[in-house]
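All remarks here apply to the structure that follows.
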Amino acid sequence: AGIVDVPGHEDFVRTMIAGVGSIDLALVVIAADDGWMPQTEEHLQILTYLGVERAVIALAKSDLGNVENVTEQIRNHLRETVFVKSRMIPTSVRSGEGIENLKNVIASELAAVQPQRDFGKPRLFVDRAFTMRGIGTVVTGTLTGGRLHRGQTISVQPQNLQARVRSIQSHGIEMDCAQPGMRTALSLRDLAIDQVKRGDAITASDFAPASALIVQIERSPRLFAKQPASAKATAGKPAARPLKNGGSVYLHHGTSRVAARITLLEKEKLEPSQKIIAHLKLAAPIFAFVRDRFVIRDGSEQHTIAGGVVLDLDGTRLCDARDLKLLSMPATAPDDIDLCVRSEIARRGFVPRKTLLGRSHFSAGEISEALMRLQRNNEIALSEEIAADGAFWGMLRNQTIALIDNAHKQNPERPGLDLSELRSVLRDQPENVFEALIAELCTDDFVRKGSAIARASHQSVLPVRLQPVARKIREALSQKPFDPPPRHQIETDRDGHLVLRFLVESGEAIEVGSDAVLLRENFEHIKARIAEFVSKNGPATVSELRRALESSRRIMVPLLEKLDREGFTRRVEDKRMLSTIH
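Count the sequence shown with this note's numbering and you get residues 4 to 585, in order.
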């Protein structure tokens, strides 16, 4: 087990908070001759805010006080807290009373503690950074979330600096790998001492730090209960005063301390015993995860006034009533991964799968399993790259289908709705969402036809009114099959443009460059003639092929370039030969 010794004096509460951020069991030492002190109360609230639920009470100096009376006093203070059943052991360093019993109780409590989870995202919040001769930069802290190995490349956040782990120690013992929950010392190569400080995070990931957070803040009801009885006296205690909108506070997270401005999102002030969702604008970035706990102290750092949990690391987004409702869902059950995943996706409409809750206390495997469950329940839609809210995805899908059906109705001669037109309508959606939408439709009743998407059942049909125009264009393209008229002479009006596009899109005609179109049968015929000529006479120039096929340079140059691209012919200097593939 890792052991962290933190000061108890009220002048060192800041140091105490940094030390207890990742502990599983608190050993609270109370002197029998002093009893319950103001700093004891503050420490109790801090432990509660940080989610510590197990404690052992060591009643020190038991030979100097009335143990029975002080025990009753402490029990009264612990009433209605998670520590109400904590073991209380009278001890005396003079007589040795209770010391062995205390050791046994601590061992028993630790045995009942669940091991810290390894969810594959190691973080070590630095509480000390120093140099050692012959070793270099050393940092210490409590490792959480995952393992760190000797030789591993790590990232120092929020500076986003890279370094390599030279060696690892825990309580003076060398090791190859540090486990979650261990007090850990890392010697780091390629990192100067002035590049790392207390409050930084050592991690194996490249997740970005956060400068604005959406959080749930709570204030202990004990801010009222443990203050003087009179309303006037209570109102005069800074810790018990309402936390007002727009106030300046200090956020204590991990081992970091940063100034912040708080914006309450549901009401104008937060009283003791209340919870509320709020926005924190930080003066400097921190390396936080969703579900991280923190403590808030007032601007003068004289009082602990609140604590809370991180709900969202993107505090730059404005929160409306729907956002607040969705944020409240995981706040009530932060360990319910399905609820957290569903809330995250619903708030944003869609999330890239590789970043979904990446900065959270859930492993990649747990997140993937939650996605599958939610998909089976039709609550979300999944593609290879994104996870989308079911309602959002259904709306987007229905909108797209309506656009495709309308295109079939308005332009039956077209193979479908051009993807560039669809992309323009859905321009507010990112490219990965658009591609995922098209891919999903194509697994259902839709197909991709070149640059268009259509219902699989759709057959391009030329309207009756355009049939005469089509006959004229076919005749024009057939009169000189290898040297048809320029395109602008064929599509002289909108109807001509529609018909020619229909012939090309249906495959009946082939575009050759930007100014010419050949009927497919003529295109195949000219290819065969080129192959015959080159096979008989060897590599040929454009002029030789033009004369042999009774064509023109206007047709032959773009035609041969097209055949080069298709791998039918190959250009060598100024001549064409048949491709070896052909």
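Ideal Cβ placement from N, Cα and C applies to all residues, glycine included. Note that this is a predicted model, so its numbers are computed, not measured.
So is Leu360 buried or exposed if we call it buried at 16+ other beta carbons inside 10 Å?
-> buried
Inter-stretch contact (C-beta, 8 Å, three-pair minimum) for the segment 150 to 161 and the segment 200 to 218 | yes
Do Ala29 and Val73 have their CB atoms nearer than 8 Å?
-> no
Buried or exposed: Ser554, going by 16 or more other Cβ atoms within 10 Å of its Cβ?
-> Sixteen is the threshold: when 16 or more other Cβ atoms of the shown chains lie within 10 Å of the Cβ of Ser554, as they do, the residue is buried.
With a 10 Å radius around its C-beta and 16 neighbouring C-beta atoms as the bar for buried, classify Lys475 as buried or exposed.
-> exposed
Since Asp567 is in the beta strand (DSSP E), which residue starts that stretch and which ends it?
-> Element bounds for Asp567: not the beta strand (DSSP E) but the alpha helix (DSSP H), 556 to 568.
Which two residues bound the contiguous beta strand (DSSP E) that contains Lys578?
-> Annotation: the continuous beta strand (DSSP E) that includes Lys578 extends over 578 to 581.
DSSP three-state assignment for Ile476, whether helix, strand or coil | helix
Pairwise C-alpha distance: Ser190 and Ile138 = Taking the straight line from one Cα to the other gives about 7 Å.
In three-state DSSP terms, what is Arg574?
-> strand
Leaving aside the five residues before and after Thr403 along the sequence, list all residues of the same chain whose C-beta is less than 8 Å from its C-beta, in chain order.
-> Taking Thr403 as the centre and dropping the five residues before and after it, the same chain places the C-beta of Leu425, Leu429, Leu440, Leu444 closer than 8 Å to its C-beta, in chain order.
Count the other CB atoms, across all protein chains shown, that sit within 10 Å of the CB of Arg78; report buried if there are 16 or more and exposed otherwise.
-> exposed
Same chain, Cβ closer than 6 Å to Arg126, neighbours up to 5 away in sequence not counted | Thr147, Gly148, Ala204, Thr206
Is it buried or exposed for Ser546, if we count other Cβ within 10 angstroms and need 16 for buried?
-> exposed
Grab the span of the beta strand (DSSP E) containing Arg260 for me, first residue to last.
-> 259 to 267
In three-state terms, what does DSSP make of Pro471?
-> helix
Can you list, in chain order, the residues of its chain whose CB lies under 7 Å from that of Pro288, leaving out five sequence neighbours each side?
-> Pro161, Pro212, Ala213, Ser214
Per DSSP, cross-strand counterpart(s) of Val129 | For Val129, which the question treats as bridged, DSSP gives no partner whatsoever.
Please determine, among Pro41, Ala166, Arg417, the residue with the shortest C-alpha to C-alpha distance to Leu469.
-> Arg417
Which of helix, strand or coil DSSP assigns to Gly419 = coil
Ile2 versus Val141, Ile171, Gln219, His174, residue with shortest Cα-Cα distance | This structure gives no information on residue 2, because the portion of the chain shown stretches from 4 to 585.
Buried versus exposed call for Cys343 [16 or more other C-beta atoms within 10 Å across all chains shown] = buried
Contacts around Pro489, its chain only, beta-carbon distance under 6 Å, and the 5 residues preceding and following it disregarded = Taken in chain order, the residues that qualify are Asp518.
Three-state secondary structure assigned by DSSP to Arg351 = If DSSP states are grouped into helix, strand and coil, Arg351 belongs with the helices.
Once you ignore the five residues that flank Phe128 on each side, which residues in its own chain have a CB closer than 6 Å to its CB?
-> Gly144, Ala204, Gly257, Thr258
Can you tell me the Cα-Cα spacing of Ser460 and Phe505, whole angstroms?
-> 17 Å
Can you check whether the CB of Pro183 is closer than 8 Å to the CB of Gln119?
-> yes
To which residues of the same chain is Lys229 closer than 8 Å at the C-beta, ignoring the five residues directly before and after it?
-> For Lys229, the predicted structure reports a pLDDT of 49, less than 50, and the residue's modelled location is therefore unreliable. The matter cannot be settled from this model.
Just the Cα atoms here: how many angstroms apart are Gln165 and Phe133?
-> 17 Å
Candidates Leu406, Lys412, Ala373, Asn401: which alpha carbon is nearest Ala2's?
-> For the chain, the structure presents residues 4 to 585; residue 2 sits outside this window and is missing.
Across which residues does DSSP place Cys445 in a beta bridge pair?
-> Cys445 pairs with nothing; no bridge assigned.
How would you write the range of the alpha helix (DSSP H) that Pro489 sits in, first residue to last?
-> Looking at the DSSP string, Pro489 is not in any alpha helix (DSSP H), and its letter there is neither H nor E.
Between which two residues does the alpha helix (DSSP H) carrying Gly368 extend?
-> It spans 367 to 379 - the alpha helix (DSSP H) in which Gly368 sits, taken as one unbroken run.
Where does Ser98 fall in DSSP's three states?
-> coil
Residue of Gln378, Leu503, Phe297, Asn107 minimising C-alpha distance to Leu254 | Phe297
Roughly how many angstroms lie between the CA atoms of Thr156 and His282, to the nearest whole one?
-> Spanning the two alpha carbons is a distance of roughly 34 Å.
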